[in-house]
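Input: a single structure, listed below in structure tokens.
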Amino acid sequence: MDRKTVIKILKRNTGYDALIHDNPNDAEQIAEIVELLADTYCQTGQYISFGGKKIPATDVRERIMTIGIEHMRYVLQCLKRNTGMIKNIRGYLLSCLYNAPVTIHSYYRSQVQYDLAKDG
69 MDRKTVIKIL KRNTGYDALI HDNPNDAEQI AEIVELLADT YCQTGQYISF GGKKIPATDV
129 RERIMTIGIE HMRYVLQCLK RNTGMIKNIR GYLLSCLYNA PVTIHSYYRS QVQYDLAKDG
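So the sequence shown is numbered by the working numbering: it starts at 69 and just counts up by one.
Structure representation (structure tokens):
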């Protein structure tokens, strides 16, 4: 697929317009994330490296296409909560986005458990 088609698909998959509407202050960051996802998807080569790992490019592309609006909201929320210095923002974002589909439910469950314990 060419890059323009990938961006169009990513915007649809991630609920780009709704995200921008709901988070106008984060519009630039949301646009950057979609561009980063498109760049990563369009990379050539057998492997894509981030987070200290070399992952087969086909696996990365497949996972990128599963990223939806709830994953984007999750990543944006995590970014806002992070207070540490991020030295490699590209690698950090890619790791967050790549892992979002397999960590989102555990994250929110942990938040609920924390809130219940705190209020209980």
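Glycine included, every Cβ here is placed at the ideal spot set by N, Cα and C.
Note that the structure is a prediction, hence the values are computed from the model and not measured.
Residues bridged to residue i by DSSP?
i, result
"I123", "I116"
Classify residue i as buried or exposed, calling it buried when 16 or more other Cβ atoms lie within 10 Å of its own Cβ.
i, result
"H89", "exposed"
"Y176", "exposed"
"A185", "exposed"
"M69", "exposed"
"I135", "buried"
"Y115", "exposed"
At what residues does the alpha helix (DSSP H) containing residue i begin and finish?
i, result
"Q179", "157 to 187"
"I101", "95 to 109"
"N150", "Counting along the chain, N150 falls outside any alpha helix (DSSP H), and DSSP gives it neither H nor E."
"N81", "71 to 81"
"I88", "84 to 90"
Find the nearest neighbour of residue i within the set the options, judged by alpha-carbon distance.
i, options, result
"Q97", "I172, T151, V143, Y166", "V143"
"S159", "A99, D183, K121", "According to the sequence shown, residue 159 is Gly rather than Ser. For the residues A99, D183, K121, the minimum Cα distance to G159 belongs to K121."
"P169", "C146, I101, I132, L104", "I132"
"Q111", "T82, A125, R80", "A125"
Step through the CB atoms of chain C and report whether any lies within less than 7 Å of the CB of residue i.
i, result
"A125", "The chain inventory of the structure shown lacks chain C, comprising one protein chain alone."
Output needed for residue i: all residues of its chain with C-beta closer than 8 Å, excluding positions within five of it in sequence on either side, in chain order.
i, result
"E138", "I172"
CB-CB under 7 Å to residue i, same chain, minus the five flanking residues each way: which ones, in chain order?
i, result
"A86", "I137"
Spatial neighbours of residue i within its chain, please: C-beta separation below 6 Å, excluding the five flanking residues on both sides.
i, result
"I154", "Y160"
"R129", "Y109"
"F118", "G159, L162, S163"
"A95", "I88"
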